[in-house]
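**Q**
Residue numbers (my numbering): 7 to 395.
Okay, here's the thing in structure tokens:
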């Protein structure tokens, strides 16, 4: 027996089984037996030159001898066969998405690392399977089966934007679930920016209310025609903003107790966005970039507030670049704005009790260092923003 040829054949059959689940479906029992069958029936000529051509010819002859076509027809109603076909189509869809990139519908309606244009709902698959496999033609080999699946993908995907919108209007849960997940980080971004609300539990009510309101509006035909993916996301953003404005109005009606507000020991009139309790690390989760994509960087105050979020959160992807080379001075700034120390307190913490005149000079120096540091941080943050916008 040609051991080298058998090794090649075993590797080929292993790949075939991984892709088409041939052992699970009962097409053959074990790879070793089938490799011997191929060597005895098809031939064991070692591949020379074009390996792919040799492999293709060998498999076609093997599947002809094993009557793969009849096997497929007998298994058309087999749930495991149907599952295998679905996996082939999904794999082809994923490759198409990677090659083509995100569509407009994906950008506006799909969560990050997900898709609506290259996704296939269970109902869509059932319809395609009925069309292409109910009157099953001749699959002489697995290559024919794969080519059929590839043809289905080419003919029906990516899903047209209008069709996706139509599915949302018809309240198709498959697409709505993706849109709901898309809205979660966007809601978090607007909540943090407009009202200082953070944390999954805290934003849940606004997010769920937004989802319900948007669903009722889309399925009720309230949006101006023609409805586009961009229009849907813009409408959703408007709902989120209105929900946050409502929170602000309610706060104005029931202001915080004055005893709950902690004042800084040294009055600051400049750049008071550094002195924002909502930016203290304990008040918000680590950022992964989702929120930053929803910040209005054109608005200076909003941009400055988000800079403080980056500054006060060591886990933020931009933090290390923002403070690089200025770590010691940033620590002083934290002591003032986060720990609530006056400049005099900072001097005492690091240098002990000094004579009044020396202490005053040292405190003034710390104040100037922090002021210059703030200017430097603003300048550096603006440069970082330009790289990412």
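Beta carbons: idealized from backbone N, C-alpha and C, even for Gly.
Exposed or buried, which one is residue 104 when buried takes at least 16 other CB atoms within 10 Å?
**A** By the neighbour-count rule (16 or more Cβ atoms within 10 Å), residue 104 is not buried but exposed.
**Q** Return the CA-CA distance between residue 290 and residue 205, expressed in angstroms with no decimal places.
**A** Only weak support is given to the placement of residue 290: the predicted model assigns it a pLDDT of 46, under 50, and the value that follows is read from those uncertain coordinates. If I take the Cα positions, the gap works out to 6 angstroms.
**Q** Check for me: the alpha helix (DSSP H) holding residue 157 runs from which residue to which?
**A** First-last of the alpha helix (DSSP H) with residue 157: 148-162.
**Q** For residue 31 and residue 87, which I take to be in contact (beta-carbon distance under 8 angstroms), what is that distance rounded to the nearest angstrom?
**A** That belief holds up - the Cβ atoms of residue 31 and residue 87 are roughly 6 angstroms apart, short of 8 angstroms.
**Q** Check the C-beta distance from residue 201 over to residue 256 and give it rounded, since I have them as a contact under 8 angstroms.
**A** The Cβ separation is near 10 angstroms, so there is no contact.
**Q** Indicate whether residue 396 and residue 26 have their beta-carbon atoms separated by less than 8 angstroms.
**A** This structure gives no information on residue 396, because the portion of the chain shown stretches from 7 to 395.
**Q** Would you kindly work out how many angstroms separate the C-alpha atoms of residue 66 and residue 184, rounded to a whole number?
**A** Their Cα atoms are separated by approximately 41 angstroms.
**Q** Quick one, are the C-beta atoms of residue 382 and residue 332 less than 8 angstroms apart?
**A** Yes. Within cutoff.
**Q** Using a 10 Å radius around the Cβ and a threshold of 16 neighbouring Cβ atoms, would you call residue 240 buried or exposed?
**A** With fewer than 16 other Cβ atoms within 10 Å, it is exposed.
**Q** Restricting to Cα atoms, I'd like to know which of 77, 390, 20 is closest to residue 39.
**A** It is 20 whose Cα lies nearest to the Cα of residue 39.
**Q** Can you give me the Cβ contacts of residue 82 inside the same chain, cut-off strictly under 7 angstroms, excluding the 5 residues immediately before and after it?
**A** Excluding sequence neighbours, residue 82 sits near 139, 142.
**Q** From this set, 390, 361, 351, 362, which residue's C-alpha is nearest residue 330's C-alpha?
**A** Ranking 390, 361, 351, 362 by Cα distance to residue 330 puts 390 first.
**Q** Just the Cα atoms here: how many angstroms apart are residue 36 and residue 13?
**A** Roughly 14 angstroms separates the two Cα atoms.
**Q** DSSP state of residue 78, grouped into three classes?
**A** Reduced to three states, the DSSP call for residue 78 is helix.
**Q** Could you check where the alpha helix (DSSP H) with residue 38 kicks off and where it finishes?
**A** Residue 38 -> alpha helix (DSSP H) spans 37-47.
**Q** So, helix, strand or coil for residue 122, using DSSP?
**A** In this structure, residue 122 counts as coil in the three-state DSSP scheme.
**Q** On the DSSP letters alone, give me the boundaries of the alpha helix (DSSP H) that residue 83 sits inside.
**A** Counting along the chain, residue 83 falls outside any alpha helix (DSSP H), and DSSP gives it neither H nor E.
**Q** To the nearest whole angstrom, what separates the beta carbons of residue 109 and residue 164, a pair I think is in contact under 8 angstroms?
**A** Sure, about 6 angstroms apart at Cβ, within 8 angstroms.
**Q** Between the alpha carbons of residue 64 and residue 90, how many angstroms are there, rounded?
**A** So the alpha carbons of these two residues sit roughly 23 angstroms apart.
**Q** Could you spell out where the alpha helix (DSSP H) holding residue 340 opens and where it closes?
**A** Unbroken alpha helix (DSSP H) run through residue 340: 333-343.
**Q** Starting from residue 232, follow the alpha helix (DSSP H) in both directions and report where the run begins and ends.
**A** No alpha helix (DSSP H) holds residue 232; DSSP gives it neither H nor E.
**Q** Which residue comes first and which comes last in the alpha helix (DSSP H) that contains residue 6?
**A** Nothing can be reported for residue 6, as the shown portion of the chain is limited to 7 through 395.
**Q** Would you mind sorting residue 339 into buried or exposed? The rule is 16 or more other CB atoms within 10 Å of its CB.
**A** Looking at its Cβ environment, which holds 16 or more other Cβ atoms inside 10 Å, residue 339 is buried.
**Q** Starting from residue 356, follow the alpha helix (DSSP H) in both directions and report where the run begins and ends.
**A** Residue 356 -> alpha helix (DSSP H) spans 349-357.
**Q** Starting from residue 142, trace the alpha helix (DSSP H) in both directions and tell me its first and last residue.
**A** No alpha helix (DSSP H) contains residue 142, which DSSP labels as neither H nor E.
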